[in-house]
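Chains as they are written, first to last, in my numbering: chain H, 1 to 102; chain W, 103 to 204.
Even for Gly, the Cβ is constructed at its ideal location relative to N, Cα and C.
Fair warning: this is a prediction, and the values are worked out from it, not measured in the lab.
Protein chains: 2
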Amino acid sequence: MDKSICPRFEKAMGFLSQRWTGLIIYQLLSGPQRFCSIESSIGVSGRVLSERLKDLENEGIVKRDVFPETPVRIEYSLTKKGVALEPVMREMEKWSQNWLEI
Amino acid sequence: MDKSICPRFEKAMGFLSQRWTGLIIYQLLSGPQRFCSIESSIGVSGRVLSERLKDLENEGIVKRDVFPETPVRIEYSLTKKGVALEPVMREMEKWSQNWLEI
DNA sequence: TATACTAACTTACATAAAGTAAGTAAAATG
DNA sequence: CATTTTACTTACTTTATGTAAGTTAGTATA
């Protein structure tokens, strides 16, 4: 086993190849969203969404904001690092338009 | 559950979010390769690599060529559809260089 | 006041996916 | 004839994900 692949690229792929991560980021590109809204828009279970959002927060890709209104509102949004993934998502979008059938 | 996401994009993400798929494609961007070479370069197990290559072949992203030499040589390479994923990979590469530490 | 409802989770349990290691077949090499 | 290599497959274990129910806090409804 002699890995020749760039460790940074490998790490990046490690994120994106976790189920739902890409779709969560893609969804947040259109603006801050609440937990239940992400949940229903992509169809991920609450259990996994909660896990993913924590991981993405730890990686500095997503941030969690608490608005102390009544009732309290919690919003998730992309950090700079997260927004920087937009070109990746746009290329994915193009590829899917050009090469995939519905 | 009211999914608002583009089904093609969702499908594309479905591929890339399977473990190893992205790295296999990335590896094949540098040219045709044999089974054991992919296996050792990215560190995937033979069991999963075999599964992924079959899936990618069925999707028309990868093709399998058998060269009837002695011993027989089997090479995997990207189809047009597979090569079309290069921009996605390049953007991933850029992002990983700019935002990830080793 | 009791009941129900919503958001944002967590917990417990079941199923699916991936890892590990050994096995197979066909040919080449020592 | 025994061993090695390539390209897999099979059996079994561990990890990841899905499902469904429960929790906490506040809001609305009867």
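Within its own chain, the residues whose Cβ lies closer than 8 angstroms to the Cβ of Leu151(W), once the five positions on either side in sequence are excluded, are Trp122, Ile126, Phe137, Ile140 and Glu141, listed in chain order.
Residues of the region 135-164 of chain W with a C-beta atom less than 7 angstroms from some C-beta of chain H are Ser142, Ser143, Ile144 and Gly145, listed in chain order. At a cut-off of 8 angstroms, the C-beta of Ser77(H) has no neighbouring C-beta in chain W. Proximity of Ile126(W) to chain H, defined by a Cβ-Cβ separation below 8 angstroms, is not satisfied.
When secondary structure is reduced to three states using DSSP, Ile126(W) falls in the helix class.
Taking all protein chains shown into account, Gly22(H) has 16 or more neighbouring C-beta atoms within 10 Å of its C-beta and is therefore buried. Apart from the 5 residues on each side of it in sequence, Phe117(W) sits with its Cβ closer than 6 angstroms to the Cβ of Thr123 in its chain, given in chain order. Listed along the chain, the chain W residues whose CB falls inside 7 angstroms of the CB of Arg73(H) amount to none; the nearest CB is some 20 angstroms away. Taken atom to atom, the span from the alpha-carbon of Pro109(W) to that of Met89(H) is near 14 angstroms. DSSP places Gln33(H) in the strand class (E or B) of the three-state scheme.
DSSP places Ile176(W) in the strand class (E or B) of the three-state scheme. Interface annotation for the region 7-18 of chain H against chain W: Pro7, Arg8, Phe9, Glu10, Lys11, Ala12, Met13, Leu16, Ser17 and Gln18, criterion Cβ-Cβ distance under 8 angstroms.
For Arg47(H), the enclosing alpha helix (DSSP H) starts and ends at Gly46 to Asn58.
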